[in-house]
Every structure is written in structure tokens, then in C-alpha cells.
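In what follows, a single structure is set out as C-alpha cells and then discussed.
2 protein chains.
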Amino acid sequence: MKFLKDIESLLGNEYVLTGDSMQKFLTDWRKRYIGNALAVILPRTSSDVAAIVNLCISYNVSIVPQGGNTGLCGGATPDTSGKSIVISTIRMNSITNIDIINNSITVEAGCILKNVQNAALDCNRLFPLSLASEGSCTIGGNLATNAGGTQVLRYGNIRELTLGIEFVNAEGNIVNALRGLRKDNSGYSLRDLYIGSEGTLGIITAASLKLFPKPLDRKVILVSIGSLEQAVSFFSYSRSFFYEKITAFELMSGLCIDMVKKLLDLPKNFINKSSWFVLIEISYSDNHDETADVISSFLENSINKDLIFDAMVSNNVKQNEEIWLMRESIPIAERDFGKAIKHDISVPISSIASFVKETNSLIQASFPGVQHIIFGHIGDGNLHYNIARASWQSECQLLSLQDDIYRIVHSMVVDFGGSISAEHGVGMLKVGELSKYKSVSELHMMKLIKLAIDPYNIMNPGKILMI
Amino acid sequence: MKFLKDIESLLGNEYVLTGDSMQKFLTDWRKRYIGNALAVILPRTSSDVAAIVNLCISYNVSIVPQGGNTGLCGGATPDTSGKSIVISTIRMNSITNIDIINNSITVEAGCILKNVQNAALDCNRLFPLSLASEGSCTIGGNLATNAGGTQVLRYGNIRELTLGIEFVNAEGNIVNALRGLRKDNSGYSLRDLYIGSEGTLGIITAASLKLFPKPLDRKVILVSIGSLEQAVSFFSYSRSFFYEKITAFELMSGLCIDMVKKLLDLPKNFINKSSWFVLIEISYSDNHDETADVISSFLENSINKDLIFDAMVSNNVKQNEEIWLMRESIPIAERDFGKAIKHDISVPISSIASFVKETNSLIQASFPGVQHIIFGHIGDGNLHYNIARASWQSECQLLSLQDDIYRIVHSMVVDFGGSISAEHGVGMLKVGELSKYKSVSELHMMKLIKLAIDPYNIMNPGKILMI
Numbered sequence: 001m002k003f004l005k006d007i008e009s010l011l012g013n014e015y016v017l018t019g020d021s022m023q024k025f026l027t028d029w030r031k032r033y034i035g036n037a038l039a040v041i042l043p044r045t046s047s048d049v050a051a052i053v054n055l056c057i058s059y060n061v062s063i064v065p066q067g068g069n070t071g072l073c074g075g076a077t078p079d080t081s082g083k084s085i086v087i088s089t090i091r092m093n094s095i096t097n098i099d100i101i102n103n104s105i106t107v108e109a110g111c112i113l114k115n116v117q118n119a120a121l122d123c124n125r126l127f128p129l130s131l132a133s134e135g136s137c138t139i140g141g142n143l144a145t146n147a148g149g150t151q152v153l154r155y156g157n158i159r160e161l162t163l164g165i166e167f168v169n170a171e172g173n174i175v176n177a178l179r180g181l182r183k184d185n186s187g188y189s190l191r192d193l194y195i196g197s198e199g200t201l202g203i204i205t206a207a208s209l210k211l212f213p214k215p216l217d218r219k220v221i222l223v224s225i226g227s228l229e230q231a232v233s234f235f236s237y238s239r240s241f242f243y244e245k246i247t248a249f250e251l252m253s254g255l256c257i258d259m260v261k262k263l264l265d266l267p268k269n270f271i272n273k274s275s276w277f278v279l280i281e282i283s284y285s286d287n288h289d290e291t292a293d294v295i296s297s298f299l300e301n302s303i304n305k306d307l308i309f310d311a312m313v314s315n316n317v318k319q320n321e322e323i324w325l326m327r328e329s330i331p332i333a334e335r336d337f338g339k340a341i342k343h344d345i346s347v348p349i350s351s352i353a354s355f356v357k358e359t360n361s362l363i364q365a366s367f368p369g370v371q372h373i374i375f376g377h378i379g380d381g382n383l384h385y386n387i388a389r390a391s392w393q394s395e396c397q398l399l400s401l402q403d404d405i406y407r408i409v410h411s412m413v414v415d416f417g418g419s420i421s422a423e424h425g426v427g428m429l430k431v432g433e434l435s436k437y438k439s440v441s442e443l444h445m446m447k448l449i450k451l452a453i454d455p456y457n458i459m460n461p462g463k464i465l466m467i
Numbered sequence: 001m002k003f004l005k006d007i008e009s010l011l012g013n014e015y016v017l018t019g020d021s022m023q024k025f026l027t028d029w030r031k032r033y034i035g036n037a038l039a040v041i042l043p044r045t046s047s048d049v050a051a052i053v054n055l056c057i058s059y060n061v062s063i064v065p066q067g068g069n070t071g072l073c074g075g076a077t078p079d080t081s082g083k084s085i086v087i088s089t090i091r092m093n094s095i096t097n098i099d100i101i102n103n104s105i106t107v108e109a110g111c112i113l114k115n116v117q118n119a120a121l122d123c124n125r126l127f128p129l130s131l132a133s134e135g136s137c138t139i140g141g142n143l144a145t146n147a148g149g150t151q152v153l154r155y156g157n158i159r160e161l162t163l164g165i166e167f168v169n170a171e172g173n174i175v176n177a178l179r180g181l182r183k184d185n186s187g188y189s190l191r192d193l194y195i196g197s198e199g200t201l202g203i204i205t206a207a208s209l210k211l212f213p214k215p216l217d218r219k220v221i222l223v224s225i226g227s228l229e230q231a232v233s234f235f236s237y238s239r240s241f242f243y244e245k246i247t248a249f250e251l252m253s254g255l256c257i258d259m260v261k262k263l264l265d266l267p268k269n270f271i272n273k274s275s276w277f278v279l280i281e282i283s284y285s286d287n288h289d290e291t292a293d294v295i296s297s298f299l300e301n302s303i304n305k306d307l308i309f310d311a312m313v314s315n316n317v318k319q320n321e322e323i324w325l326m327r328e329s330i331p332i333a334e335r336d337f338g339k340a341i342k343h344d345i346s347v348p349i350s351s352i353a354s355f356v357k358e359t360n361s362l363i364q365a366s367f368p369g370v371q372h373i374i375f376g377h378i379g380d381g382n383l384h385y386n387i388a389r390a391s392w393q394s395e396c397q398l399l400s401l402q403d404d405i406y407r408i409v410h411s412m413v414v415d416f417g418g419s420i421s422a423e424h425g426v427g428m429l430k431v432g433e434l435s436k437y438k439s440v441s442e443l444h445m446m447k448l449i450k451l452a453i454d455p456y457n458i459m460n461p462g463k464i465l466m467i
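One line per chain: the protein sequences are A and B, in this order.
The opening position of the first sequence corresponds to residue 1 in UniProt numbering, with each subsequent residue numbered one higher.
The opening position of the second sequence corresponds to residue 1 in UniProt numbering, with each subsequent residue numbered one higher.
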């Protein structure tokens, strides 16, 4: 095929994968989608990417950009036609610049998040984006999906952590908006249009990211709580007590912890049973001799105010990591538990408790016995509200109910003024749902933009929008 | 004229201004532009705005949106043709909701910034956007220009402070993306496309904004410094000492302070002469008995490290305000000083000192004796680099050199990887400059977006882009 020959002469044969060597790029992390492709292309530079896009325009071949392939909505998986190519950024993995005075780091799109975090730490700085897949997800994928994670409460999504990006647009031009500037009001923010556009407008090839002072110390506390109302009140109290020292406030249902216990070798009596748990992380930028006393009195107050049952405070970095590992292990424990109907939703923080209570009732009324796997980020109003099979159901039986369960949950989300996709994006998984729940005027404007920027619809077609 | 009759029957005569009653809406704050209009329209609701836009589409009348009319680049002033209308949002000034638990406030676009700040304080919260015109600028104008100001270092531009917006698009539809959510990855971020688009894509009618815990205490320090190199080193040292407690770090040249002294009734010996001054604001979220000692030792270290000459620490809220008043009075003192060639530029923080040194030399070589009025936000790399007349020049003579001075300054900005419009926007003033200094590919993409969303070019034509 002349198209692939052209790409091979551009990059060399070894970077144009076909046949079996494509396999790991054709399936998503959750193994819900198995696609096919003409080839998987591994460019090294943004010039390579631009040249590939230009060839795709000439040959009318569509493109699926892919980073670490850890997405949860099938946004980086090709369809089954076998007519598109996957462009994987895994070879574009250099850290090109760190500017300590400007507190910025410039990286290629294929850099693994953990490597960016570590490069920052080596300079006594913090790059705060943190999520379960940080060991394999890439900055390009994080940007394409506007990744959130566990530190959003304090530092924001990756959108707020980004100074500039470089991308190749759907016309095959490199657009360098990689300025390491904290203020730049010179026209429409193309950066913000591309962040979160899931590869449907072009391919992000590099980014300039903000660095922060590294906290001197962190304390992690695991708390057991009786109800979601209490969890939200406890969040408000925690913030009024510690202000912005609270860098994470993570909710986990009792079922989540039970699942994780099977996976991890936790010490006996590490944790007692409870309906809900909250992980709080407090970050200190200065030395506080009184830390232990302050936390004790905070927890004592919380118990006296009837906000929490019990609490366990980490005593050292190792214990910090043990508590965090419980939280980070939920997605893997959940996968071992069997395929679930997942919802990545957000509502105003003030509505979390009512939303869960009312939605749980509706779900149980329709599908008695299904299990609710609920965890997420209270401080962001973002819940992973997942439904696992009842004991009498097979995995297949549950999955056949996906549309009915979506209907209940997503209608409730919209009633509560929320979003049906909080941090994972739309991908393939939620295209239909978005077309139902996003307003007509917003969908219309998104289509106007897509058609203007990618008139031949070669960039990740079928993701986000039905065009 | 039938068009105006239609609008009058929609809103009532008293809200359709013509003739002399339009005057104050037709000139910009700096009085650099005097425009003309068919009428100035004062809608009350977003439905009013949508109806007006629909009439404008029918009659092919273009629209100039206007908030508090405090913009510095003529973005809210109509051209001289007298064929467009001004839509002023001043009557759309309700605070519609405050959600304490969600830490959010929802306001109409015409709300004055100061009123939003005060509403937050009344609930023991902080809305951190702060700028010199806060007593008269509106949230809609702040959003249209992505306002920055003095707290960006810690809290970001208004873009980072915004959860959702409502706007009327160029097709006359109300787009309600007013969700009070901290995470929402459901398609392209129309919010971020409209923020900073200066009314060229539609009219922002309302916003949902983030609130923060109110700091318990603030300390303001005024420091005299010998050079910009020292000021940047002092910034790095201050951040390493106080971490994110530093909420402002404002630079002022000695000339700025001399100008302000003429305007304000400062106590004698309030401040000695120096080449540069820095205002540092430190915000405390907890009670520190040791505050005074810590600040003393910080300043002592800074003097010993040869970073600063001298410092004055505020002792109370009144002194905080006095020091801030000096900083906030610079734009007014500057206006009294005579019209200047203004540059609102940003460069990486690490380049500030070299940029100023090299640009000053080039300017003096070409225009000996002109005066450099330099102030701004070191922590954001954002300088207001303004050129005032030499003693031998008239104001007119200086203004006739605008293009030559722009050429020197903006070329240097681009050489240093900076932006020619950091926080004031483009408006009319910098359309030509943007067309010279923004990359061809970025300008091309901005035009694609403008044409897709506003095909008849009725929204604020002639601003940002030459179309």
C-alpha cells in the first residue's frame, strides 16, 4: 500500500507497526473495545507527526492519537474498520527544558506522568497532577482528556497546570503555542480548546507545565464516617480548619475498601468496617512542631461534632503511601471484581449526598441487588458511581442493562446540575450519552468548531461527537 | 428607524439611548478612542440580550458589548461609523446565588467586581480577582478580557476562577454552561473559548465563579531594591521562604513612586528614593504568633544576601491599605502624567531582567530622553512597560512614534518568548500588532473559529482580528 510505504520511508520500517505487533495498541485499558487499524505509527518528533498528518490528508486516512493507552472511555482506540491509523506518541518522551526561576517544565507529549513528577522533585519542585495510572499514562493523553485526579481540590485539573502547548492541527501544521507564560491574552485560547478535545481537533505534541514549591511534609489521615451527609459536612469543617493545606479529600465506600483488602496485604486491624471512608491529605509548606497536636485536636473536634467515627493518622512517609495505595488500588480491585457500569460524574458539592441517596433508591427499585461501587473526589464534586452485578447476575446480564442504568444515573446528574463526564472524557463510550444530555446549543457549537478546524473529519472521528 | 423601534418595543424607550445620552459609552477609559453608535442598549436579562442579537441579525447591525467600560485597549468602544449598537450590561447586575458548601457564586455579567468581592466576604469567603478598576469594572468585562490583576500569582486569572458561564452566541441563542462544577470534561470547553474572546464570539451574560477560604490575616511589605536582577532573585527567595503564602509580588519603578507621591498625601519619609520597589503581600490562613519574628528574619536574610536595600512592614490593616493604594494609584498617576505608549507584555520570569535592560537600551538609542514607566507583576512575568514623553517632546510628538516604539518593544518580547498582550487584551489598539507577531498558524485558526461561530461578523467586528 503506497500510503504505508510513504510513511515507512519517512520514519523507517521499524516505526510502522502492522499485524500482530499492533495488538496492544488496538484495545483499551478496560478491554471494552477491540479495534483494528491499517498501522500503528510511532513518530519521534512533532515534524514527524506533521508529515504523517499531511500524508493522511492526501490519502484520506483518519487518525487515532494515542498516549499511554490508559483511557477509560475508548477515546484512543480505533474503530473496527481497520481503515485508520493509530499515532502513538510513546517515542516522543523527552523532557526538553526545566526553568527553575520561571517554575516551568517543557515536555514532549509522550512523557510518562510519573517521569514528569520525578523530574520536578529532582529540582525540589512539585508537578501536582496525580492519578492512579501515573506510571504509564502520558502528558499528551492527560491533556487530551483534561485529566483530573486526586490533587484537583488544591491545584486544579491539568488545564490549570498548563502554560502552553504545541500541537499539529488537522491541516498538518505545527502550531507552537508553547510559551511558558502565566499571562497571555492575545486572542482565542487555542490551548484551552485543544485541552480536553480528545484528539478530535489535532494531536498535542508538547506542553509547557507549571511547577509549584514542593511541600515540606504531608500527613495522610484515614477516617471512617457514617453517612455522605457527614462526609460533606466533614469536608466543610476540614477546610475551615486547615484552609488550603488540604490537598486531597477522597471518598471511598465500605465496599471499595472490602475489595481492596482482598488485593493488598494489609495488616490485620488496619481498618475496621464502615459505610464510608475518607482519605485526607494535609500538605505543610513550613515546619510545624505542633502538627501532631493540631491534628489530634482536629480529629477530636470532628468526633465530638459527630462528623466521624474513627481516624488513623499516618506517622511517616511509608504509612502515607500505604493509605494512598488503598485509594489508588480501587480501579484495579474493581477490574478484578468484574466489569461494571461506570459513571464518572460531577455535581455541586452541596448536592453529593442527595444525589447518591436518590439515585441509589432508583437503581435498587429497578435492579434489586446490584452493588454500588462509589468512590471519588468530594472536594471536586466528582464521583465514580459504578454499578457491579448482583449475586444472581452474570457479567453479561449486567452489561446488557447499560443503557437503562445510564438513563437513571445520567438523568439524575442533569437534574442536579451536574456533568455526565467529569474527568475521564467522552471517548467512544459516552458519545451517545453526550448527544442526549448536552444542550442542543452546546452540541451545535461544538460541531461548528469541529467542522471548521477538521473539515474532512480525519482527526479521531466518532469520538466526542457524532459527525 | 424600524430597527430601533423594534428594540424600544422590546425593552421600553428608556433603555435605548441615543444622541447625547450615549456619550459616556462611546469613549474608552483612556480616551484614546471616540466612537459613534446607532444606539446604546441596556438589556436587563439574557433573554433581552438574545432578542436584541436576533434583531441585529435580521437587520444586519453589528454589536459592541460593553461592561464597566474600563478596558485599556478600546475593545468595548464602537468604531466611528455610527452603524453598530453598544449593548451595555450595567443593568444585569444581580448576584443570583451563593453556595457556601460548593464554594461558588453565580452572578450576572454586569455585576461590579467590588460587589462580588464584598458578597464573598459577607460569607467569610474570598473572591480573589483584584485590579485597579475593581470599583467599576464588571465580571462580564473581566471574563471577556480574561482579567489578571494582582493576585494571579496565587489564584490565577479569572479563567482559573470560573466554573461556568452563560452566553448569547452570534446566532442569538442563549448557551447555558453555568454549571457550578469543578470537573466537567464533556466536550470542547466553550467556556474557555469565550473567556478572553473580547465579545467577538458573543456576549457573556452570567458566570459561576469559585470562592476560596478567606485568609485570616495579611501582611504587606514595601521593599526597596537596586536592580531587576535582584528583584527576580528576591522573588525566588521569597517563594522559597513563604511558599504559597505569597499572594502578591508587585514591581514598581522609582519613577512610578515619584508620580504617585504627587497624587497621594503620603506621610513624609514614608519612603526613600530607590530605583525599584516591590510590594509583597503574605496571606496567613492560620494564627501565627511568630509572624513578626518570621518576617523580621526573612527581611534580615534578604538584606544580608544583598537582595534588598530596605523594607517597611505594615503593622495593621490601615497600613496594608496605604501601601496597596500606592500600587493601585499608578495608572491614575500615569494618566495625569500625560498620554504614554503602553505595553502590557509578559515574558518568562527568568527573562524579566534581561528583557528590560536590553529593551531600555534600544529605546534610549532611538529616542533619547523618553521616560520608562515600568510596573507590574513579577510573579506572572507581566510588566506594564510604558514610555512617557521626554522633556523636549509634546504628547503629540510622542504618540506619533507609537508604531516605531511598538516595533522595538514587541520584537524584543517575541525574541524573549513572550506575549504582546498579557492581561489587557487586544481590543482595537493591538489588532495590527497581533497580526504582525502572532504566528500565521494561530491567526489562521482563530479566523476559522471566528468565521464558524460568527459567519456574518456582527459580534464586535474589528476587535482582536482583522476580518
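Where is the CB? At the ideal position from N, CA and C, for every residue including glycine.
For a cutoff of 7 Å on Cβ pairs, would you count residue i as touching chain B?
i	result
Lys183 of chain A	yes
Pro213 of chain A	yes
Ile105 of chain A	no
Pro348 of chain A	yes
Met446 of chain A	yes
Leu193 of chain A	yes
Asn146 of chain A	yes
Label residue i either buried or exposed according to how many other C-beta atoms from any shown protein chain fall within 10 Å of its C-beta, with 16 as the threshold for buried.
i	result
Thr96 of chain B	exposed
Val317 of chain A	exposed
Gly12 of chain A	exposed
Pro215 of chain A	buried
Ile303 of chain B	exposed
Trp276 of chain A	buried
Lys463 of chain A	buried
Pro368 of chain A	exposed
Gly82 of chain B	exposed
Cutting at 8 Å between CB atoms, please list the residues of its own chain near residue i, excluding the five before and the five after it.
i	result
Ile449 of chain B	Leu193, Leu201
Mapping DSSP to helix, strand and coil, what is residue i?
i	result
Gly110 of chain B	coil
residue 516 of chain A	Chain A is shown only over 1 to 467; residue 516 of chain A falls outside these bounds and no answer can be derived.
Tyr33 of chain B	coil
Pro65 of chain A	strand
Ile323 of chain B	helix
Ala39 of chain B	strand
Tyr406 of chain A	helix
Phe337 of chain B	helix
So residue i and residue j are supposed to be a Cβ contact under 8 Å. How far apart are they, rounded?
i	j	result
Gly254 of chain A	Gly141 of chain A	Contact flag wrong, Cβ pair sits at about 32 Å.
Gly425 of chain A	Glu198 of chain A	5 Å
Ile7 of chain B	Leu55 of chain B	6 Å
residue 544 of chain A	Phe25 of chain A	With chain A covering only 1 through 467, there is no way to say anything about residue 544 of chain A.
Looking only at its chain, what residues have a beta carbon closer than 6 Å to the beta carbon of residue i, apart from the 5 residues adjacent to it on each side?
i	result
Met259 of chain B	Ala333, Phe337
Ala422 of chain B	Asp344, Ile345, Ser346, Asn382
Ile174 of chain B	Ser46, Ala50, Val168
Within 7 Å (strictly less), CB to CB, does residue i reach chain A?
i	result
Gly202 of chain B	no
Glu229 of chain B	no
Trp179 of chain B	Reading off the sequence shown, one finds Arg at residue 179 of chain B, where the question assumed Trp. Yes, its Cβ sits closer than 7 Å to a Cβ of chain A.
Leu190 of chain B	yes
Ile246 of chain B	no
Glu160 of chain B	yes
Leu401 of chain B	no
Got a sec? Which residues, its chain only, sit under 7 Å from residue i by beta carbon, not counting five neighbours each side?
i	result
Met446 of chain A	Leu465
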